[in-house]
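Everything in the sequence shown is counted per my numbering, starting at 255 for the first residue and increasing by one.
A short worksheet on the structure shown next.
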Amino acid sequence: MVKICCIGAGYVGGPTMAVIAFKCPNIEVVVVDISVPRIDAWNSDHLPIYEPGLDDVVKKCRGKNLFFSTDVEKHVCEADIVFVSVNTPTKTQGLGAGKAADLTYWESAARMIADVSKSDKIVVEKSTVPVKTAEAIEKILMHNSKGINFQILSNPEFLAEGTAIEDLFKPDRVLIGGRETPEGAKAVEALKNVYAHWVPVEQIICTNLWSAELSKLAANAFLAQRISSVNAMSALCEATGADVTQVSYAVGKDTRIGPKFLNASVGFGGSCFQKDILNLVYICECNGLPEVANYWKQVIKINDYQKNRFVNRVVSSMFNTVSGKKIAVLGFAFKKDTGDTRETPAIDVCKGLLGDKAKIDIYDPQVSKDQIQRDLTMKKFDWDHPMHLQPSSPTSMNKVNVVLDAYEAAKDAHGICILTEWDEFKALDYKKIYGNMQKPAFLFDGRNVIDADKMREIGFIVYAIGKPLDQWLKDMPAVA
Ligand code: UDX
Ligand code: ADP
């Protein structure tokens, strides 16, 4: 029986391994992590991450051919294929600070693999890493190999959170990069055989190592660039009276462009986009390509601009001050159907409002109070370290309340900011909400989920990203 071990039981490792176990009953899969609470949660009825369909898949395989353990060394030693899916934070100090990936966790995982291995292994990069990481890891493994043969593969994961199980069941493609040697080709074939249990072989793309690593960064950069492009248009739409939804619909009808990923928003978030682009920028700079680096930097700049612009709209519409005013924040996760808050635009928006001395009440159906407090007090980039290295008791903030439903958040508020596109926000009783708010009552829709005209009929003053502006907002400065 082929044995797989995955180091790192996070958003990528957990769901990916669960699906491999589900689709390959003849393979034993063990997911290991240094975090005891995380592994305990994977072994309980309350999985550590919220992902539609995941519970079902885990329940069907756990204890049969899917196991979660903290005994990292034992399971790495026994495995034929070791996936590595550990944190790759952005460096905050030293060479490449603010851009380059910090490979501390990767390096320690690689050294441990070399230490405990007694048989040949295929080591698979699963977490996104900067191009040429495989080469570095290969060097660590080779120099410590004691005669054991290690083959390094790059197998970047393209799943998106909220649709992880769907994406893993029906991936657009699986990408496997390996060394162009007979041993490399054999290793690629072995991994291909795992995916071939459910993915049509023509959708399994095999490349060299560097192409696979770079393709992942490039794919994320292209996706983020689409969002920054439509968000840049949203500012122009507001200035000119066009409607960004109509513009992106018309643009997306061009089959060369396509309709997906053209929703204007308060900004993109998530653990990958910003980090991967910063990485790409760093790689370009290191390779003497400042023009290329600046091109991609602009995608992040527009994203930051969009979040600032939103805060400025809120403050300027409310008579240029939100000091002491209660603002309801609906949604904190970086997108719907996930409890993940990594790099969520809600963090910057809330910090911006708090900077103007607002009092905020936050409601998100999947994000805990602890998490929100941790996010609002944590330093930039600190989120991407293993949980046990993050501050354990989040600092509570006296101007932030985390509440259990949207109605409570909006009670007596001067304004509402919708920051995540949760379906339930479309179905709220906005008449009731309006009735319980201070007047004039403002509604700022950062995700274009509500029907702005209906809200205006109720009495709200509405701002929706990229939509024609209310008379009220027309004379207010959009950018400070
Ligand atoms: C992304 C990639 O999609 C995935 O392939 C990769 O493996 C990891 O990074 P993820 O971060 O989970 O996945 O979510 P995604 O659906 O890509 O959304 C990222 C951010 O962009 C979210 O904040 C989302 O709200 C925002 N977004 C997305 C928009 O603002 N507009 C859109 O049209 C689409
Ligand atoms: P991703 O979104 O890429 O899955 P996460 O941060 O959710 O990233 O998961 C990474 C996991 O890797 C964390 O649970 C962390 O505890 C774990 N981890 C980091 N370093 C090691 C290591 N050396 N051995 C085992 N697990 C590790």
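From the three backbone atoms N, C-alpha and C, an ideal C-beta is built for every residue, glycine too.
If you check the C-beta of serine 488 against the ligand UDX, you find no heavy atom less than 6 angstroms away. Checking the 6 angstroms criterion, the Cβ of serine 483 is out of range of every heavy atom belonging to the ligand UDX.
A distance below 7 angstroms between beta-carbons, with the five flanking residues on each side excluded, links valine 501 to the following residues of its chain, in chain order: Met487, Cys491.
Take glycine 606, set aside five residues on each side of it, and the residues of its chain with a beta-carbon closer than 6 angstroms to its own are Val565, in chain order. The Cβ atoms of valine 553 and glutamine 457 lie no closer than 7 angstroms to each other.
DSSP places cysteine 259 within a strand segment (E or B) once states are collapsed to three. Within the region 548-618, the runs of beta strand (DSSP E) at least 3 residues long that lie entirely inside it are, in chain order, 580-584, 613-617. Under DSSP, tyrosine 717 shares a beta bridge with Phe698.
Of the candidates Ile672, Thr592, Ala667, Val311, the residue whose Cα lies closest to the Cα of glutamine 692 is Ala667. The region 419-430 and the region 386-402 do not touch, with fewer than 3 CB-CB distances between them shorter than 8 angstroms. Residue ranges of uninterrupted beta strand (DSSP E) with 3 or more members, entirely inside the region 282-337 and ordered along the chain, are 320-323. Under DSSP, serine 525 shares a beta bridge with no residue.
Residue side-chain check: tyrosine 304 keeps its Cβ at 6 angstroms or more from all non-hydrogen atoms of the ligand ADP. Here the alpha carbons of lysine 375 and methionine 396 stand approximately 12 angstroms from one another. Within the region 642-688, the runs of beta strand (DSSP E) that reach at least 3 residues and sit entirely inside it are, in chain order, 654-656, 669-672.
Glutamate 597 is not a Cβ neighbour of glycine 689, given a cutoff of 7 angstroms. Contact check for phenylalanine 714 against leucine 697 passes: the beta carbons are separated by less than 7 angstroms. Here glycine 521 has Asn557, Gln560, Lys561, Pro599 as same chain residues with Cβ atoms under 6 angstroms from its own Cβ, once five neighbours each way along the sequence are excluded. By alpha-carbon distance to arginine 567, the top candidate from Leu727, Ala272, Pro544 is Leu727.
In terms of side-chain proximity, the C-beta atom of phenylalanine 564 is found no nearer than 6 angstroms to any non-hydrogen atom of the ligand UDX. In the three-state reduction of the DSSP assignment, glutamine 627 falls in the helix class.
Note on geometry: alpha-carbon atoms of proline 544 and isoleucine 537 lie some 10 angstroms from one another.
Shown here for alanine 587: same chain residues with a beta carbon closer than 7 angstroms to its own, the five before and five after excluded, namely Gly593, Asp594, Thr595, Thr598, Asp618, Gln620, Val621, Thr674 in chain order. Per the C-alpha coordinates, the member of Ala663, Pro279, Thr382, Lys721 positioned closest to serine 519 is Lys721. As the crow flies, the alpha-carbon of glutamate 434 is around 11 angstroms from that of tryptophan 464.
Across the set Gly438, Ile581, Gln627, Ile261, the C-alpha of Ile261 shows the shortest separation from the C-alpha of lysine 328. The continuous beta strand (DSSP E) containing asparagine 462 extends over residues 458-462.
Note on geometry: alpha-carbon atoms of tyrosine 503 and aspartate 497 lie some 10 angstroms from one another. Not one heavy atom of the ligand ADP falls within 6 angstroms of the beta-carbon of proline 279. By the Cβ criterion, the region 277-284 is in contact with the region 313-322, since at least three pairs of Cβ atoms, one from each stretch, lie closer than 8 angstroms. For a cut-off of 8 angstroms, the C-beta gap from leucine 471 to aspartate 426 is around 17 angstroms, too long to register as a contact.
When the beta-carbon positions are compared, valine 703 and isoleucine 672 come within less than 7 angstroms of each other. Cα atoms of alanine 354 and glutamate 711: separation of roughly 50 angstroms, rounded to the nearest angstrom.
Assignment of serine 339 by DSSP, reduced to helix, strand and coil, places it in the coil class.
Looking at the backbone, the Cα of isoleucine 601 and that of methionine 651 are separated by about 13 angstroms. Applying a distance threshold of 5 angstroms between residue Cβ atoms and the heavy atoms of the ligand UDX selects Phe412, Ala414, Glu415, Ile481, Phe515, Asn517, Ser519, Phe522, Gly523, Gly524, Cys526, Phe588, Lys589, given in chain order.
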